[in-house]
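Positions in the sequence shown are counted from 1; adding 1 to them yields my numbering. The C-beta atom is built at its ideal place from N, Cα and C for all residues, glycine as well. See below for the structure under consideration.
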Amino acid sequence: MRSVAVDFDTITEGLPTKSEKIRALAREGASTADIARYLGIRYQHARNVLIESGLHTRRGDASNGGEQDRQASKSEHVAWIRTDALARLQVPSELLKVAGIAGDEPVYARATKDGVELLSRRAALKRAHDIARKFVPDGVSLADELIAERRREAERDND
């Protein structure tokens, strides 16, 4: 048990708040109960922080006692998020940070048959470029094509 405490100490070293320590320990796969015991706080406090930041996983959701969910949360940064009374999404800031979405920035949102997809501006532009590349042959510059077309139109207008 001592080695776990040493690992917890290493993980939380330099983190100024209990909330940051809770999130860091959860990302490393520590259970909510272990986090609460280590930090000397109520289980509910740790759970609330994890729910708000999208890191909480329910016990028994995976056949291996939640380990699969913890791994998914660490690698895929998944979260259950809530809507408020006005149907606005409350996305945890950590999830937005991982997605490359800064505060006060436009976000691309698209309704799909499965839900709503949110993309940062950069991710939306990359997706648009990827789609456009499917229709443009290799070695063709759309900018050069547009310039050539405009020159042909100008010549026709001058004739």
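Excluding the 5 residues flanking it on each side, GLU95 has same chain C-beta neighbours closer than 6 angstroms at SER54, in chain order.
For TYR109, the CB contacts under 6 angstroms within the same chain, skipping 5 residues up- and downstream, are LEU120 and ALA125 in chain order. Counting only residues of its own chain and dropping the five nearest sequence neighbours on each side, PHE9 has a CB closer than 6 angstroms to the CB of TYR39. Residue pairing from DSSP places THR84 in a beta bridge opposite LEU90. Here ALA149 is exposed, its C-beta having fewer than 16 other C-beta atoms within 10 Å. Note: VAL117 is bridge-paired with ALA112 in the DSSP secondary-structure output.
Using a Cβ-Cβ distance cut-off of 8 angstroms, the region 19 to 37 and the region 45 to 52 are in contact, since at least three pairs of beta carbons, one from each stretch, lie closer than that value. A distance below 6 angstroms between beta-carbons, with the five flanking residues on each side excluded, links GLU118 to the following residues of its chain, in chain order: ARG111. Looking at LYS19, LEU26 and LYS135, the one whose alpha-carbon comes closest to that of HIS46 is LYS19. The Cβ neighbour count for LYS127, taken over all protein chains shown within 10 Å, is under 16; the residue is labelled exposed. The beta carbon of HIS78 lies closer than 7 angstroms to those of LEU96 and VAL99 in the same chain, with the five residues before and after it left out. Nearest in C-alpha terms to TYR44, of all of ILE23, ASP85 and LEU147, is ILE23.
A straight line joining the alpha-carbon of GLY41 with that of THR11 spans about 17 angstroms.
For ALA80, the closest of ALA86, LEU87 and GLN91 by C-alpha to C-alpha distance is GLN91.
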